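What follows is one structure encoded as structure tokens, with my remarks underneath.
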Amino acid sequence: MPATHLPAVGSRVMGLDDPEKKMSKSVASSAHAVGLLDSLDQVKKKIMRATTDSKPAVDFADLGPGVRNLINIAQAFSGWTQAQAEAEFNGCVTAT
Numbered sequence: 001m002p003a004t005h006l007p008a009v010g011s012r013v014m015g016l017d018d019p020e021k022k023m024s025k026s027v028a029s030s031a032h033a034v035g036l037l038d039s040l041d042q043v044k045k046k047i048m049r050a051t052t053d054s055k056p057a058v059d060f061a062d063l064g065p066g067v068r069n070l071i072n073i074a075q076a077f078s079g080w081t082q083a084q085a086e087a088e089f090n091g092c093v094t095a096t
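Each residue of the sequence shown is one higher than the last, beginning at 1 in the working numbering.
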């Protein structure tokens with residue numbers, strides 16, 4: 001019998017250019033969503049240009065919507081728990 005599977009993380013992915021809105025293919029901006037047929041280079045470019053915040057390091061006590069979105073995407077693809085994601089990213093400094 002088919003069953004519904006709703007993952008704890010990744011069931012609702014927000015846009016890369018506006019992390020307050022759900023990712024959608026109907027948004028005009030090509031930087032908003034990752035397409036299924038995008039090349040690895042296109043995906044990397046979109047992720048690297050994603051909206052984050054101006055904080056110098058990841059702080060799970062005060063995550064902005066952009067950083068939270070990118071961490072949720074990483075969790076969805078890696079299968080990490082929240083504790084694993086925190087161990088991986090907490091305190092990471094942004095590249096200059």
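Yeah, the Cβ is synthetic: ideal placement off N, Cα and C, and Gly gets one too. Just so you know, these numbers come straight off a predicted model, no measurement behind them.
**Request:** Please state whether DSSP places M48 in a helix, a strand or coil.
**Result:** helix
**Prompt:** Leaving out five residues before and five after P7 in sequence, what residues of the same chain have Cβ atoms less than 7 Å from its Cβ?
**Reply:** A76
**Request:** Would you be able to state if there are at least three C-beta pairs under 8 Å between the region 67–82 and the region 8–19?
**Result:** yes
**Message:** Tell me the residue span of the alpha helix (DSSP H) that contains V67.
**Reply:** P65 to S78
**Prompt:** Smallest Cα separation from N90: which of T81, W80 and F60?
**Reply:** F60
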